[in-house]
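Residue numbers (this note's numbering): 289 to 369.
Accompanying notes for the structure given below.
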């Protein structure tokens, strides 16, 4: 759960061997994940998959909570190199 006004610092995950999955559960249009040169806002039920080792950060500039289900998948387990 990301509360209104919350923002993470830019960071890289600990490895490029995983992809991180975000499933939007309770989203608002004023929240997003910034990865690379792109800022991505999810709708409820939408999925975002990105390489955790790449620089990314998230923010919630809205008035309501942003709730996602977050989990990691090893690239080798899904046939990615």
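Positions of the beta carbon are idealized from the N, C-alpha and C atoms, including for glycine.
Using the three-state DSSP reduction, which class does residue i fall into: helix, strand or coil?
i           : result
residue 314 : strand
residue 365 : helix
residue 294 : coil
Excluding five sequence neighbours on each side, which residues of the same chain lie with their C-beta closer than 7 Å to the C-beta of residue i?
i           : result
residue 357 : 311 and 313
Looking at the secondary structure, which residues open and close the beta strand (DSSP E) in which residue i lies?
i           : result
residue 320 : 319 to 323
residue 337 : 335 to 339
residue 328 : 326 to 328
residue 344 : 344 to 348
Would you mind sorting residue i into buried or exposed? The rule is 16 or more other CB atoms within 10 Å of its CB.
i           : result
residue 337 : exposed
Leaving out five residues on either side along the sequence, give the residues of the same chain with a beta carbon under 6 Å from the beta carbon of residue i.
i           : result
residue 294 : 348
If I measure Cβ to Cβ from residue i and keep anything under 8 Å in the same chain, skipping five residues before and after, which residues do I get?
i           : result
residue 296 : 345, 346 and 347
residue 305 : 341, 362, 363 and 364
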